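Numbering (UniProt numbering), first residue to last: 1 to 1160.
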């Protein structure tokens, strides 16, 4: 099948003015059309005609009764009726040379022979129809407006296109709100074949326009369009450049994308103004990170901190300017600077001529600033220090304030906001939310609220079905064979609102085909248009019929989702040709975008068009509360109490929903009940939907974490999702960064590109670009390669880069750096480890990085070059890189280290570690600090990313192998010996044992609840200060490895005798200070927050992570939380798991086999 023929189609016009279309494929023959007319429509005595390319009269292609048709009407012998049956239809297609676009249409007319003879009599007049056309001076053209409303405009043929545009623009202003209409020059007048004349052209002097007018006279359908112009702006030019630099597919410039660009442009303009005003008043804010809540200090008892500062000034000797102080955490940063100078001047007689107000504190090794009237405990860095046990003194540099401000001006403030499109250049959507008033004989929109018809789809055909190519090997060469065997296929359609089905599926009759299949069937979805929710979509899925009825796997060949209403609220009607998603079954939350796969199956379908376009209009808001006739029994009361405790995995029954909706206003002061109430609404019942605004208005506002569940796919109503986003405004920047993974994933569940959630993330990211904006960019770019979401994410990234100012170059440089590392890794994977290491260091010397380079891993860290001798290739199949950099801070003591890995999907590691950070946050909020060491993972693209290196740490395998392969596994003093060696004297050793005990409890609970699997000595680590932690989370939610049916792991989590030995040596506050009680406390805090944990997992179902595909996968976490137990029972149950893990001989054997394998 050629690519050209796929672009064209044949419109079949039937005698009763019905019509359908066929794609012009190479295997479509005239016989198939004749068979369809004879057998499916039962036509008799008819002719099939086409328009003559010369005189616009009919030419007969086929007649089932040649006696009734004059010979002069039959086209040449080479294409006689018999040949029409046997020949491909594409032989009878002639292109219109006046049309410059690839896609063309041609009409075949089917007449009853008697009617044709009457029409054919025009031939004997010997006067071309074009003569009549030329005699007209005033003509009427039918034009389709941006809303799909077709209007008739009377013009003089000799008028210019500019005048025609004026008439049409006036028509828009008459019909629609003026605020929705742009100036006339931002609209284009063109034909439906995308030919656009110049404004100065005279209508009748443009052959393409006159050809379109003649086609209009033939079928009385619109041949002209009046639509908003695509204006080339500074933003569109920059976007093309960013697309190339980030290796993204070009962003589709359709109306929906233009609307998103307009919305985000407005956000940029507002944020730029606010940010520049703030930084102009105090430039130092650009390098400060402040928070009054994060991380929580509930578990911290420290009221003082030790600070060490080195004065960096050309006026003093740096060797004599180190000073330390002890200061209260409620003192301000300026007070701390004053105390440092006082001590320096008093005891060291240094800096006598310096003014402390001219200096700021800079965290050593970073560019983060501490200064001003803010109290010390409100700096994020200091808050982390207060809950840390690994360091006892904070190290700073005292640097001249003017130098820092000049640095900020040359970097953060060096870039002025880029030019934004003017208000008139921005796309404006025509939205009709209230029923319009009819104007004479035309309605600008027909309200969906009064349309009681069922939604109908005309399914024409599917083409490019690629399962007909088979390959076989003969004589060491591949021979391509084309399978001519056809198969039966069927297409199913169903309405969904979010993830909830709102109609029964309807199916076509089975049809046979190989590379294409023709259905030509109308499917009526049993739901009236006035009952269809604003957020509904139609899911169309093509099946292998025989596999489907035999209930075999992989019966679905492809699927496609289409929004019922467009982003601006109009019924999505008309003819469509869309590329489906191959190999996928019904997926109600799949994007409504087309697939970019050139091998994708294409579907030709149409939604019924109406004379007046149907617009979604809001139902009048009900201020009255619907009364309930449901009698309130004791059983109902108990059931409602149970529902109040239900977790997000539990499904409400039909009876539950009716009962909840009946008592909805009784719970308006219970924020936790809001998701259940919203789930009880039947969104296909207008009377219930009318109450939604009232419910949201009077409900007690939930906490931001409580509304995260409302961003799930099941809550599709735009009003509900906007309410959830409004509640997210209560999040601090650190909260957003903590839950960034889920919030970004929720973008996939939005039906339209332009939505409140993207505006919220975009605004907050631009307002705090150094940390939040940095994380948002990398989170988006790491998934921008995913085909089903790449258009949306790419559009957001382009807009974000355009507005992030000086950070733009930093992000683009970081991306280019990762790109070079990926290319280098691809080269080295083909070499042995020794060869790869040697070449790796040579290539690193060629790899250029800026003198001051912010690592993507942590935007605070500024490095200037590689330390080549300390960089290496790790000895594993994927050849990960161990990278060591020189810190750009000359006073930094340690180099900067990180790992870069290619070939593994790091998103599961990122999710697991993020959930552990959430757990740690929950514990700290409740006064329990379990000293977790959750390192960072940053995916930067498809199967690539950075991994933070935790310094001064070793794997359990390294320690075991140091004692001997077998002895190391069995040595219970393995870990205690390591800690004693690293922590001298005894006081430090006891503190290290305490840290080990706390962190072991944290990881025991976290890994058990998350079902982290594949635990072996190679991914268990201990830091020299006692922190115990896990790495490498390739399996979770109980997906334990098996081999030949044997499950290698039977311990609920890793807890060895060597771990227990250290814990027993840790000091105890009292008899209740046991490892079991610590674990019980941690578990119970998670149990109180179980709804949030489950919601976080549910929001991640769209990632495509293999072990997180469906809600039932999350049952493992739910089971391990023991939600049906009391706190005491849960603690006792976990104590049993501790003993089971400690006594597991299978873990010992697994560790032994792992070490033997590694040592080989």
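No residue lacks a Cβ here, since even glycine has one placed at the ideal position from N, Cα and C.
All figures in this text were calculated on a predicted structure; none of them were measured in a lab.
Nearest to residue 191 by alpha-carbon distance, out of 203, 183, 180, is 203. Three or more beta-carbon pairs separated by less than 8 Å link the region 1114-1131 to the region 1072-1090, which places the two stretches in contact.
Sorting 291, 301, 423, 246 by C-alpha distance to the C-alpha of residue 186 places 423 at the top. Put simply, the backbone Cα of residue 560 is about 54 Å away from that of residue 960.
The criterion of a C-beta distance shorter than 8 Å is satisfied by residue 363 and residue 396. A distance below 8 Å separates the beta carbons of residue 924 and residue 295. In the structure shown, residue 370 falls within a strand segment according to DSSP collapsed to helix, strand and coil. Excluding residues up to 5 positions away in sequence, 605 lie with their Cβ nearer than 6 Å to the Cβ of residue 576 in the same chain. Going by beta carbons, residue 600 and residue 579 fall inside the 8 Å limit. Look at the beta carbons and you see the region 905-925 not touching the region 882-890: under three pairs across the two are nearer than 8 Å. Residue environment for residue 1102: buried (at least 16 other C-beta atoms within 10 angstroms of its C-beta). Proximity to residue 737 across 936, 218, 28, 956 peaks at 936, based on C-alpha coordinates. For the options 508, 22, 543, 485, the alpha carbon positioned closest to that of residue 515 is the one of 485. Only exposed fits residue 1126, as fewer than 16 other CB atoms lie within 10 angstroms of its CB.
Secondary structure of residue 191 (DSSP, three-state): strand. Counting along the chain, residue 758 sits inside the alpha helix (DSSP H) bounded by residues 756-767. With a 10 Å radius around the Cβ and a threshold of 16 neighbouring Cβ atoms, residue 1113 comes out buried.
565 is the residue among 565, 427, 889, 510 whose C-alpha sits nearest the C-alpha of residue 495.
Taking C-alpha positions only, residue 445 is separated from residue 143 by approximately 16 Å.
For the pair residue 502 and residue 527, the CB atoms are nearer than the 8 Å cut-off. Judged by DSSP secondary structure, residue 1029 falls within the beta strand (DSSP E) whose first and last residues are 1028-1030. Assignment of residue 8 by DSSP, reduced to helix, strand and coil, places it in the coil class. Taking the Cβ atoms as the reference, residue 570 lies roughly 6 Å from residue 615, within the contact range of under 8 Å. Annotation for residue 20: the continuous beta strand (DSSP E) segment containing it runs 19-23. Annotation for residue 939: no alpha helix (DSSP H) segment contains it, though the beta strand (DSSP E) segment containing it runs 937-941. Between the region 632-642 and the region 651-671 there are three or more inter-stretch CB-CB distances shorter than 8 Å, so the stretches are counted as touching. The C-beta separation of residue 64 from residue 58 comes to about 16 Å, leaving the pair out of contact by the 8 Å criterion. Taking a C-beta distance under 8 Å as the contact criterion, residue 980 and residue 267 do not qualify as a contact pair.
Counting along the chain, residue 487 sits inside the beta strand (DSSP E) bounded by residues 487-497. If you check the CB distance, residue 797 and residue 777 come in under 8 Å. Considering only 462, 254, 232, the residue with the shortest C-alpha distance to residue 425 is 232.
Residue 1085: member of the alpha helix (DSSP H) spanning 1075-1088, first to last residue. Pairing residue 489 with residue 511 gives a Cβ-Cβ distance under 8 Å. For residue 399, DSSP records a beta bridge to 312, 360. Beta-bridge partners of residue 456 (DSSP): 524.
Relative to residue 810, the option among 787, 854, 771 whose CA is nearest is 854.
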